[in-house]
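**Q** Residues in the sequence shown are numbered from 33 upward in steps of one, following the numbering used here.
In this text, a Cβ means the ideal position worked out from N, Cα and C, and glycines have one as well.
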Amino acid sequence: MPQIAFPKLLSSQIAFDIARTILDGFDKHYRLFRATTQLAKQRFEKADWKAAQEDARERIAYYDRRAKECVQILEDEYDKEDLTDEVWREVKLHYMGLLIDHLRPELAETFFNTVCTKLLHRTYFHNDFIFVRPATATDYIEREDTPATYRVYYPAADGLSFSLKRIVTNFQLQTPFAHLDADIAKVEARLLEQFGDARFEPNHQLQVLASLFFRNKAAYIIGKSINGNQEMPFVIPIIHNKNRELILDTILFDNMHITVLFSFTRAYFMVDMDVPSAYVQFIRSILPRKPRSEIYTMLGLQKHGKNLFYRDFLHHLKYSSDMIAVAPGIRGLVMLVFALPSFPYVFKLIKDSFPPPKETSKALIKEKYQLVKNHDRVGRLADTLEYSDVAFPRSRFSEDLLAEIRSYAPSILEVNEDEVIIKHLYIERRMTPLNIWLMEAEQRGDDAAIEHAIIEYGNAIKDLVAANIFPGDMLYKNFGVTRHKRVVFYDYDEIETIVDCNFRNIPQPRNEEDEMSAEPWYPIAKNDVFPEQFGSFLLGNAKVKQYFMKHHADLLTAQYWQERKDRILKGKVDDVFPYPQEIRFGGG
Numbered sequence: 033m034p035q036i037a038f039p040k041l042l043s044s045q046i047a048f049d050i051a052r053t054i055l056d057g058f059d060k061h062y063r064l065f066r067a068t069t070q071l072a073k074q075r076f077e078k079a080d081w082k083a084a085q086e087d088a089r090e091r092i093a094y095y096d097r098r099a100k101e102c103v104q105i106l107e108d109e110y111d112k113e114d115l116t117d118e119v120w121r122e123v124k125l126h127y128m129g130l131l132i133d134h135l136r137p138e139l140a141e142t143f144f145n146t147v148c149t150k151l152l153h154r155t156y157f158h159n160d161f162i163f164v165r166p167a168t169a170t171d172y173i174e175r176e177d178t179p180a181t182y183r184v185y186y187p188a189a190d191g192l193s194f195s196l197k198r199i200v201t202n203f204q205l206q207t208p209f210a211h212l213d214a215d216i217a218k219v220e221a222r223l224l225e226q227f228g229d230a231r232f233e234p235n236h237q238l239q240v241l242a243s244l245f246f247r248n249k250a251a252y253i254i255g256k257s258i259n260g261n262q263e264m265p266f267v268i269p270i271i272h273n274k275n276r277e278l279i280l281d282t283i284l285f286d287n288m289h290i291t292v293l294f295s296f297t298r299a300y301f302m303v304d305m306d307v308p309s310a311y312v313q314f315i316r317s318i319l320p321r322k323p324r325s326e327i328y329t330m331l332g333l334q335k336h337g338k339n340l341f342y343r344d345f346l347h348h349l350k351y352s353s354d355m356i357a358v359a360p361g362i363r364g365l366v367m368l369v370f371a372l373p374s375f376p377y378v379f380k381l382i383k384d385s386f387p388p389p390k391e392t393s394k395a396l397i398k399e400k401y402q403l404v405k406n407h408d409r410v411g412r413l414a415d416t417l418e419y420s421d422v423a424f425p426r427s428r429f430s431e432d433l434l435a436e437i438r439s440y441a442p443s444i445l446e447v448n449e450d451e452v453i454i455k456h457l458y459i460e461r462r463m464t465p466l467n468i469w470l471m472e473a474e475q476r477g478d479d480a481a482i483e484h485a486i487i488e489y490g491n492a493i494k495d496l497v498a499a500n501i502f503p504g505d506m507l508y509k510n511f512g513v514t515r516h517k518r519v520v521f522y523d524y525d526e527i528e529t530i531v532d533c534n535f536r537n538i539p540q541p542r543n544e545e546d547e548m549s550a551e552p553w554y555p556i557a558k559n560d561v562f563p564e565q566f567g568s569f570l571l572g573n574a575k576v577k578q579y580f581m582k583h584h585a586d587l588l589t590a591q592y593w594q595e596r597k598d599r600i601l602k603g604k605v606d607d608v609f610p611y612p613q614e615i616r617f618g619g620g
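Right, here's the structure in full:
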């Protein structure tokens, strides 16, 4: 193994100053990030949903702004000829020293990578110069002067009802509860039902994260019960009733319900955290199968989530040998999609040109993907990770696949003896395309699976409508089925906001000539949508049509879409619950 050529003595003042500048840039970013996050409590208390949505969108942009600021400062301050390889090696070592007592070293390392990869050539992207591997441990880095990550309550000593009430009231929400004692009684009853006949051990306790998790129109209490060697996670959602009073809506225990709450198809939480790694460790204790990369991402720290994901991907490449291949499904007109079968994600490349009837551009498609990144995804839009200059082993690509990429996207492909470099791509969780799911269910004769998929498909569209999203291309091939059998939309090149669409009924023909015309005889503007036409390309299968008309016939009427558009224009924000309606307490 080659030895890393680090300098024996840290002697460069330039290197220290660069390291200090980068860390100052990160600290500024997290200070602003946290200030916006702290506003979430106030937005929730006042039910100011519009401001909450704007905060969530604005916060996503903070990281790139601070990174660009930092790059600009360094480019203005230093001449390239002074920044030798030796200086850059010292920059990293000085930076490591500055992180010794830092509360967020893993995030600061990622920020360092972001800045340095904008200044250095790709050949420098290894551990001599950037943090390909983490250099600072994040275990037990809380200090005495930082607030505790979680609070502990002891029902055996204080009583379960009293402990639950303390859990809720310790968050000091300023909006009054409608009937807190009655809600606490419902939570207590559900907890006792979960405990069953279990004997309470001396260590019985409830641990609850010290900050609420805010998203959309809800605040979530995240905790777990510890009894002996048994741990049971729980989540208590707090929402507003119609009178703008607070209620406890339910309590979640089921692992699937809690996993879906942290799904990659949902918007990022707003959580005030001194030590993010401690929050991640707590959530990992209740969701041990959830990768750290996804947890960081769901906490709004998506850049570090990307960094961790890429490290996991490099590790997977090292310990796998299967070939990268075109992903299953109908080929798209806009994207080329390939996958590593052993890795549960797909890689999406924007083609260089698009055949008719597509009228779009690369820039416009990137805007659509950014819209989704900034939007409330309500559990129905897949989050994507955007990367530049991703290097794959050349040996994992067949000549046929390389020829296909050269044919459709030559501008983003670079190939050398050892590597295939993709200059821009999106990485997305792999799902079963809905059209394939329906075809396989029909081949099995599984009517229940077909009905479930169509119910989910319609519900996905309705949830997107509630979030002011019109999918555009509603063909089944553009939707996927997750491992929890939820239907999710993942093809974004034609999405629009509902308020930008004009939903119309097809006019009655004026005469026989109109009726027989092969082309529409009436004028059609660019954003005109005729919902009654959806059936012609969605309902060719008799069983699919039967279940669609049973559960979602309203989607074929312009009235349905226009009524939702009117609500959005009036500032109404619909509730979209990330858990089943039947487990809600139902107390308004």
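Using 8 Å for Cβ pairs, my map puts V307 next to L331. What's the rounded Cβ distance?
**A** Not confirmed; about 12 Å, so no contact.
**Q** Considering only their Cβ atoms, is the gap separating I454 from I468 smaller than 8 Å?
**A** No.
**Q** Taking A439 as the reference, which of I105, M367, E77 and H484 has the closest Cα?
**A** Ala is not the amino acid found at residue 439; the sequence shown has Ser there. Minimum Cα distance to S439 is reached at M367.
**Q** Give me the DSSP bridge partner(s) of D354.
**A** DSSP output for D354 lists no bridge partner at all.
**Q** Per DSSP, what kind of secondary structure is I46 in: helix, strand or coil?
**A** DSSP places I46 in helix when its eight states are reduced to three.
**Q** Does DSSP put R121 in a helix, in a strand, or in coil?
**A** Correct three-state label for R121: helix.
**Q** Can you say whether H336 is buried or exposed, counting buried as having 16 or more other CB atoms within 10 angstroms of its CB?
**A** Buried, by the Cβ-count rule.
**Q** Can you give the Cα-Cα distance for A188 and H236, rounded to whole angstroms?
**A** Cα to Cα, the separation comes out at about 7 Å.
**Q** Which same chain residues, not among the five before or five after R461, have their C-beta less than 7 Å away from its C-beta?
**A** Cβ neighbours of R461 beyond the five flanking positions: F296, P376, Y377 and A414.
**Q** Report buried or exposed for K602, applying the criterion of at least 16 other Cβ atoms within 10 angstroms of its Cβ.
**A** When all chains shown are included, K602 counts as exposed.
**Q** Look at the Cβ atom of S44, then the Cβ atom of E122, and state whether they are nearer than 8 Å.
**A** A contact, by the Cβ cut-off of 8 Å.
**Q** Cutting at 8 Å between CB atoms, please list the residues of its own chain near I36, excluding the five before and the five after it.
**A** Reliability fails at I36, whose pLDDT of 46 lies under 50, so the model's placement of it is uncertain and the value that follows must be treated cautiously. N159 and D160.
**Q** Secondary structure at T68, three-state DSSP: helix, strand or coil?
**A** Correct three-state label for T68: helix.
**Q** From what residue to what residue does the alpha helix (DSSP H) around Q540 run?
**A** It is not in any alpha helix (DSSP H) - Q540 carries neither H nor E in the DSSP assignment.
**Q** Taking only the alpha-carbon atoms, compute the straight-line gap between A441 and V422 and give it to the nearest angstrom.
**A** Their Cα atoms are separated by approximately 15 Å.
**Q** With 16 other CB atoms within 10 Å as the buried threshold, where does P179 fall?
**A** Classification for P179: exposed.
**Q** Leaving out the 5 sequence neighbours to the left and right, which residues in its chain are closer than 7 Å to G504 when beta-carbon positions are compared?
**A** Cβ neighbours of G504 beyond the five flanking positions: E526, I527 and E528.
**Q** Using only alpha-carbon positions, find the residue among G364, K380, A357 and F203 that is nearest to P373.
**A** Comparing Cα positions, the closest option is A357.
**Q** For the 8 Å Cβ check, are there 3 or more pairs between the segment 465-483 and the segment 590-599?
**A** They do not touch, by the three-pair rule.
**Q** Terminal residues of the continuous beta strand (DSSP E) containing Q237?
**A** First-last of the beta strand (DSSP E) with Q237: Q237 to L241.
**Q** What did DSSP end up calling Q104 once you bin it into helix, strand or coil?
**A** Residue state, collapsed to three classes: helix.
**Q** Could you give the DSSP three-state label for E418: helix, strand or coil?
**A** Strand.
**Q** Thinking N559 and D598 are a contact (beta carbons under 8 Å), I'd like their distance in whole angstroms, please.
**A** The Cβ separation is near 16 Å, so there is no contact.
**Q** Measuring straight from C-alpha to C-alpha, what distance separates Y328 and L293?
**A** Going from the Cα of Y328 to the Cα of L293 covers about 14 Å.
**Q** Classify R623: buried if its beta carbon has 16 or more other beta carbons within 10 angstroms, exposed otherwise.
**A** With the chain running from 33 to 620 in the structure shown, residue 623 is simply not present.
**Q** Among A47, E118, R63 and I290, which one has its Cα closest to the Cα of L106?
**A** Answer by Cα proximity: A47.
**Q** Using 8 Å as the threshold, is the segment 140-153 in touch with the segment 45-64, meaning 3 or more CB pairs across them?
**A** Result yes; three or more Cβ-Cβ pairs closer than 8 Å.
**Q** Among the candidates V561, R515 and P555, whose CA atom is the shortest distance from the CA of N534?
**A** Looking at the Cα atoms, V561 is the closest of the given residues.
**Q** How would you write the range of the beta strand (DSSP E) that L196 sits in, first residue to last?
**A** No beta strand (DSSP E) holds L196; the alpha helix (DSSP H) holding it covers L192 to T201.
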